[in-house]
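K.L.:
What follows is a single structure, and I will ask about it in a moment.
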Amino acid sequence: MNLVKVKISNFRCYQQEVEVDIDSLTTLVGKNDVGKSTVLEALEIFFNNATVKIDSSDANVYSASDEVTITCEFDNLPEKIVLDSGAVTNLKEEFLLNEFGRLEIKKVYDCSKKTPTVEAFILALHPVNTPYNNLLDLKEKELQSLVKQLGLDASLKGNPGMRKAIWSSADSLEMDKVAMAVSKPKEDSKRLWEQIDSYLPFFALFQSDRNSSDADNEVQDPMKAAITAALSEVQEDINRIQTKVREKAEEIAQNTYDALQKLDPRLAKTLAPQFTPPTPAKWNGLFTVKMDTEDGIPLNKRGSGVRRMILVSFFKAEAERRLRSNNKRSIIYAIEEPETAQHPNNQRILIESFKSLAAEPGCQVLLTTHSPGLASELPVDSIRYIENINGSLHVKAGVDVFADVAAALGLTPDSRVKLLICVEGPTDVQALKSLSRALYLEDHTIPDLSTDPRVAFVLLGGSTLKHWVDQHYLKGIGCKEFHLYDADVARYAASVEEVNARGDGSYATLTNKYEIECYLHCQAILEGCGVEVVVNDHPQDGWTVPKIFAEAYSTAKQLDGRLKDNTAKTYLANNAFPNMTSLMIKERDSVGEVESWFRRMAEMMI
């Protein structure tokens, strides 16, 4: 399941109901104390009520009501649900979906009590006319009696089949959106809720401010999330579960350590997981993983920057692990202010890890941030702007709010920019930065686009907030433009002619090869991705380089299904292009086309 929307009402600062659309990557932006973290904590309460628990003081102080409601909508629903009787059904046939075909679950918390209680409801378009309105609450004998009463030719075995027959027999079903209580359900409604609950995504919250303790969630939560997934796969006996958990945890700890070594090998010599198994009566308590650094120093005794570095390493390793796994259950990572105590270089690593995670099926990432640097590199369609208007909170998205977001974060273009490089998408940016860097290392007269402050990238459609800012502000001040488009789209030829006809010093060209990935060297792919592929200049029978790579990588890593082409492009941009060398470029481009792009750019920056 994927979370697509959360609605919050009467919870802390959100007195009136607000809706937040959730995507694979969602970034909450706004001024201090406007309610960004409150959204993440509301989701933590909805899914777990553990890291953050509902409290009697959580109801809005200006409201006369003590009831807090948190509602979540999900898509990508299970195709079938198996009840404990072995009967197979699905949410659509049981009329458990809302008007958009989604599963909508509302939880109501009674904060008038010292320890708030919760009641859960499924909000669905459901029959409301008698006798079709309460079939999920009827026992098997009651359903059999109703089938006979209606004179239906239907099997008297299997509750889902009898319900379907009864609903189908109606001349007309009066449908309305109803709240079906599932906290204390009867009969099959109880069994359906148990099955639905088992499909809900795992939710892991990482907060920016917390006390240092041996179970510091900055490290504990990712380990617990992985362990929970492992426990869901092994159910036979205690020893097998302990063995499986230990293997999974050590694998993740090693991946995290390997990633950390690449960032700063001096930071910690060892990371040793120490396990405390739960008692037999508390398997749901799972395991505690304690990580010690060099000389047995507990991780919580190290600086906050070190602990957050472990978090960076985890997300980098987890992005790679998720790509290799075929985990069937979704997971949501919610990270509050990931830029806290992080060097800008590590912030960039985090951003790329978040993007990679969010691109994987069954994985979503939610962020809050105050950092202009971090927000500027995030996709514009991930931005949700929370604003206080005359005491009322509003959540906005879309192109109309980008200027507000840029102003709130103090995002302005670099005044040193002399040249706008206009390309199709974010993978083209990474490719050009890597290729120019490789040539620059051999010849410093070629600009290094990864560090040169004189250039800014503009993407068709404005992929990231920084790209939007650059496009919005810089296009109006007379910067020259260098346009580079793949040869795979016919309409770009007209755009090239139009740019070159301006007479303002701008320049546009198409790639000689089919697309930017065709300039990769097979050795760079092997070094960065671990698979051997043939790189052709143009597609062979429709097989583009990203498609060939996706097939080879998915087969080699035994993925559940083939990578999507866009995911393959992202993986090549992040892992293969950085391995390109000047020699590799010359082997793949003997006519010097790539070098000519950058020499033209250098001339345009004078």
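Take the sequence shown: its position 468, counted from the start at 1, is 468 in full-length UniProt numbering, and no numbers get skipped.
Even for Gly, the Cβ is constructed at its ideal location relative to N, Cα and C.
Being a predicted model, the structure only gives us computed values, none of them experimental.
What does the alpha-carbon distance come out to for the pair Arg428 and Leu136?
P.N.:
Note on residue identity: the sequence assigns Asp, not Arg, to residue 428. Roughly 53 angstroms between the two C-alpha positions.
K.L.:
Quick check on Gln149: does DSSP put it in helix, strand or coil?
P.N.:
In this structure, Gln149 counts as helix in the three-state DSSP scheme.
K.L.:
With distances taken Cα to Cα, identify the nearest neighbour of Glu360 among Ala87, Lys564 and Ala552.
P.N.:
Taking only the C-alpha atoms, the option nearest Glu360 is Lys564.
K.L.:
At which residues does the beta strand (DSSP E) containing Tyr507 begin and terminate?
P.N.:
Unbroken beta strand (DSSP E) run through Tyr507: Tyr507 to Leu510.
K.L.:
Could you give the distance in angstroms between the alpha-carbon of residue 607 and the alpha-carbon of Ile196?
P.N.:
What is shown of the chain runs 1 to 606, which leaves residue 607 out entirely.
K.L.:
Does Lys248 come out as helix, strand or coil in the three-state DSSP assignment?
P.N.:
If DSSP states are grouped into helix, strand and coil, Lys248 belongs with the helices.
K.L.:
Here's a check: name, in chain order, each residue in its chain whose Cβ is nearer than 6 angstroms to the Cβ of Leu526, leaving out the five neighbours to either side.
P.N.:
Result list for Leu526: Glu532, in chain order.
K.L.:
Checking the sheet assignment: what are the DSSP bridge partners for Ser112?
P.N.:
Note: Ser112 sits in no beta bridge, so no partner.
K.L.:
Tell me the rounded alpha-carbon separation between His126 and Ala165.
P.N.:
Taking the straight line from one Cα to the other gives about 16 angstroms.
K.L.:
Round the Cβ separation of Tyr553 and Cys522 to the nearest angstrom and send it over; I've been treating them as touching at under 8 angstroms.
P.N.:
Actually they do not touch by this definition, with Cβ atoms about 13 angstroms apart.
K.L.:
Hey, quick one: how far does the beta strand (DSSP E) through Ile548 stretch, first residue to last?
P.N.:
Per DSSP, Ile548 belongs to no beta strand (DSSP E); it is in the alpha helix (DSSP H), Val545 to Ala556.
K.L.:
Using the rule of at least 16 other Cβ atoms within 10 Å of the residue's Cβ for burial, across every protein chain shown, is Ala494 buried or exposed?
P.N.:
Ala494 comes out exposed.
K.L.:
If you follow the beta strand (DSSP E) that Asp75 is in, where does it begin and where does it stop?
P.N.:
Run containing Asp75: Glu67 to Asp75, per the beta strand (DSSP E) assignment.
K.L.:
Would the beta-carbon of Leu378 fall within 8 angstroms of that of Ile386?
P.N.:
Contact: no.
K.L.:
Looking at C-beta atoms only, is the number of pairs between the region 48–62 and the region 86–94 that lie closer than 8 angstroms three or more?
P.N.:
They do not touch, by the three-pair rule.
K.L.:
Between Ile331 and Gly362, how many whole angstroms is the CB-CB distance? I'm expecting something under 8 angstroms.
P.N.:
Yes, Ile331 and Gly362 are in contact; Cβ-Cβ is about 7 angstroms, under 8 angstroms.
K.L.:
Do you know whose CA, among Thr27, Arg191 and Asn49, lies nearest Phe202's CA?
P.N.:
Selected option, being the one with the closest Cα: Asn49.
K.L.:
Leu484 and Thr451 - do their beta-carbons sit closer together than 8 angstroms?
P.N.:
Result no, Cβ atoms of Thr451 and Leu484 do not sit closer than 8 angstroms.
K.L.:
Between which two residues does the beta strand (DSSP E) harbouring Gln207 extend?
P.N.:
No beta strand (DSSP E) holds Gln207; DSSP gives it neither H nor E.
K.L.:
Does DSSP classify Ser356 as helix, strand or coil?
P.N.:
Reduced to three states, the DSSP call for Ser356 is helix.
K.L.:
Comparing alpha-carbon positions, which option in Ser63, Val20, Val4 and Glu99 lies nearest Asn76?
P.N.:
Comparing Cα-Cα distances from Asn76 to each of Ser63, Val20, Val4 and Glu99, the minimum goes to Val4.
K.L.:
Taking three-plus beta-carbon pairs below 8 angstroms as touching, is the region 31–44 in contact with the region 12–19?
P.N.:
In short, these stretches touch, since the Cβ pair count reaches three.
K.L.:
Please state the DSSP three-state secondary structure of Thr256.
P.N.:
Helix, per DSSP.
K.L.:
Is it the case that the CB of Asp58 approaches a heavy atom of the ligand MG more closely than 7 angstroms?
P.N.:
For the ligand MG, the structure offers nothing, since it holds no ligand at all.
K.L.:
Report the three-state DSSP secondary structure of Pro160 (helix, strand or coil).
P.N.:
If DSSP states are grouped into helix, strand and coil, Pro160 belongs with the helices.
K.L.:
Which of the three DSSP states is assigned to Ser434 in this structure?
P.N.:
Note: Ser434 maps to helix in three-state DSSP.
K.L.:
Between the C-alpha atoms of His444 and Phe457, what's the straight-line distance to the nearest angstrom?
P.N.:
Each residue's alpha carbon lies about 21 angstroms from the other.
K.L.:
Span of the beta strand (DSSP E) holding Tyr333?
P.N.:
Where Tyr333 is concerned, the enclosing beta strand (DSSP E) stretches over Ile331 to Glu336.
K.L.:
Can you give me the Cβ contacts of Gln430 inside the same chain, cut-off strictly under 7 angstroms, excluding the 5 residues immediately before and after it?
P.N.:
Excluding positions up to five away in sequence, the list reads Ala573, Asn574 and Phe577.
K.L.:
Quick one: what's got a C-beta closer than 6 angstroms to Glu515's C-beta in the same chain, skipping five residues either side?
P.N.:
Cβ within range, chain order: Asp486 and Asp488.
K.L.:
Given this structure, state the Cα-to-Cα distance separating Lys569 from Arg562, to the nearest angstrom.
P.N.:
If you take the alpha carbons of Lys569 and Arg562, they lie about 13 angstroms apart.
K.L.:
Ends of the beta strand (DSSP E) at Met175?
P.N.:
Segment Met175 to Ala181, the beta strand (DSSP E) holding Met175.
K.L.:
For Glu94 and Phe100, I'd like the C-alpha separation in whole angstroms.
P.N.:
If I take the Cα positions, the gap works out to 15 angstroms.
K.L.:
For Cys518, name the three-state secondary structure that DSSP assigns.
P.N.:
Helix.
K.L.:
Leaving out the 5 sequence neighbours to the left and right, which residues in its chain are closer than 7 angstroms to Leu40 when beta-carbon positions are compared?
P.N.:
Counting only Cβ-Cβ distances below 7 angstroms, and skipping sequence neighbours, we find Leu205, Ala334, Glu336, Leu366 and Thr368.
K.L.:
Suppose the cutoff is 7 angstroms on Cβ atoms and the five residues either side in sequence are ignored; what does the same chain contact list for Gly592 look like?
P.N.:
Nothing listed; no residue qualifies.
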